[in-house]
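Residue numbers (my numbering): 941 to 1290.
Before any comments, here is the structure.
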């Protein structure tokens, strides 16, 4: 089996962060979201991985190549994004056997091993992972027959036929390529994977539904990233590879190599990245501090701070997603007040 992981798209709901980085590279518990997808497909038996690239292709390639993965990875440039079915056509030469297609901004707690086994056992042409959601209008939705099989799929319907959403993980035989070539663009002017799967159903191919039992997160919005960060940190085991001086460590805290905690209180679950220094501060639960950060005289809770950022005497910071190389500090000159240099589509609460 091969794997096709999608790491393109513009990430408009995560701007301004995605002006400078690909959305699948935003860290959750200090690891890019994309890495969770790569690990899942390897665990499920993928012997080769193709990664679909968008505009920030060099950034994705550099990040993926920073790890010595146990299977070969090929990078496939999509160009202008024209839908999920379009990515299959772009990767047609690569997809010469059964494969799993995995949207790279998804995280599944329990992985996909059991779903791969079910795909093999049912001898289906396609298997679609589903889970119930509260807002099915945001997703592709499955209309199920009484026996649980799929009757039809609808992409982001105004009036959903059910609350069973497509998770963003699909198992296919190469027959899906013919389906993708046979459909026409939707009202969104995209080649929809739901239309291609519907083509399979209408032409007599077996399409199975496989239901996700653990939690699943589509990290397309800031609140989804926070949720995923909390859920992953809930499962961590504490360990200390750094230095602790005159500080209190409470609960499950991960300290990476070279991290220092000085005259501070750190309450888990949380993670402090390599070479980061926490001094005279409070780090609260569900906080991920990246590599090379400096936190001083500040309280932070339920937040993600990316690599090489500094937060100095900044009061209390909660539910915040802070990018790389950011500088937040107390104003030490007159006039007093908040001094802001803010990019497009930012969201600030003071």
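For each residue, glycine too, the CB sits at the ideal point set by N, CA and C.
message = Which same chain residues end up closer than 8 Å to residue 1029 when comparing Cβ atoms and leaving out the 5 residues on each side of it in sequence?
response = 1117, 1120, 1121 and 1131
ask   = Would you call the segment 1170-1182 and the segment 1192-1200 touching, i.e. three or more CB-CB distances under 8 Å?
value = yes
key: Own chain, CB closer than 6 Å to residue 1253, minus 5 neighbours either side, in chain order   = 1237 and 1270
ask   = Hey, residue 1005 and residue 990 are a contact pair by Cβ (cut 8 Å); roughly how many whole angstroms apart?
value = Contact flag wrong, Cβ pair sits at about 15 Å.
query = So residue 1155 packs on residue 1049, CB below 8 Å; how close in whole Å?
reply = 5 Å
key: Ranges of the beta strand (DSSP E) found wholly within the segment 1002-1075, counting only runs of at least 3   = 1013-1017, 1039-1043, 1046-1048 and 1066-1072
query = Taking C-alpha atoms, which residue in 1246, 1095, 1104 and 1145 lies nearest to residue 887?
reply = Nothing about residue 887 can be reported from this structure: the residues present for the chain run from 941 to 1290 only.
ask   = How long is the line joining the alpha carbons of residue 943 and residue 1250, rounded to whole angstroms?
value = 38 Å
ask   = CA-CA distance, residue 1034 and residue 1224?
value = 46 Å
key: Residues of its chain near residue 1108, where Cβ-Cβ distance is below 6 Å and the 5 sequence neighbours each way are ignored   = 1043 and 1046
key: Inter-residue spacing [alpha-carbon to alpha-carbon] between residue 964 and residue 1000   = 8 Å
query = Candidates 968, 1141 and 1070: which alpha carbon is nearest residue 1091's?
reply = 1141
key: Proximal residues to residue 1162 (C-beta, below 6 Å), its chain only, five neighbours per side dropped   = 1261
key: Inter-residue spacing [alpha-carbon to alpha-carbon] between residue 1100 and residue 1149   = 17 Å
query = Looking only at DSSP bridge pairs, what is residue 1158 linked to?
reply = 1046
task = For the segment 1049-1069 and the segment 974-986, state whether three or more C-beta atom pairs, one from each stretch, are separated by less than 8 Å.
result = yes
inquiry  = Quick check on residue 1209: buried or exposed, where buried means 16 or more other Cβ atoms within 10 Å of its Cβ?
reply    = buried
request  = Could you tell me which residues DSSP pairs with residue 1120 in its beta bridges?
outcome  = DSSP lists no partner for residue 1120.
ask   = Is residue 1222 helix, strand or coil when you go by DSSP?
value = strand
request  = Taking residue 981 as part of the alpha helix (DSSP H), name the residues at either end of that continuous run.
outcome  = 973-983
Beta-carbon proximity check, residue 1137 vs residue 1066, cutoff 8 Å = yes
inquiry  = If distances are taken between C-alpha atoms only, which option among 1229, 1201 and 1144 comes closest to residue 1219?
reply    = 1201
request  = Run the CB neighbour count on residue 1061, radius 10 Å, all protein chains shown included, and call it buried at 16 or more, exposed below.
outcome  = exposed
Contacts around residue 1239, its chain only, beta-carbon distance under 6 Å, and the 5 residues preceding and following it disregarded = 1222 and 1256
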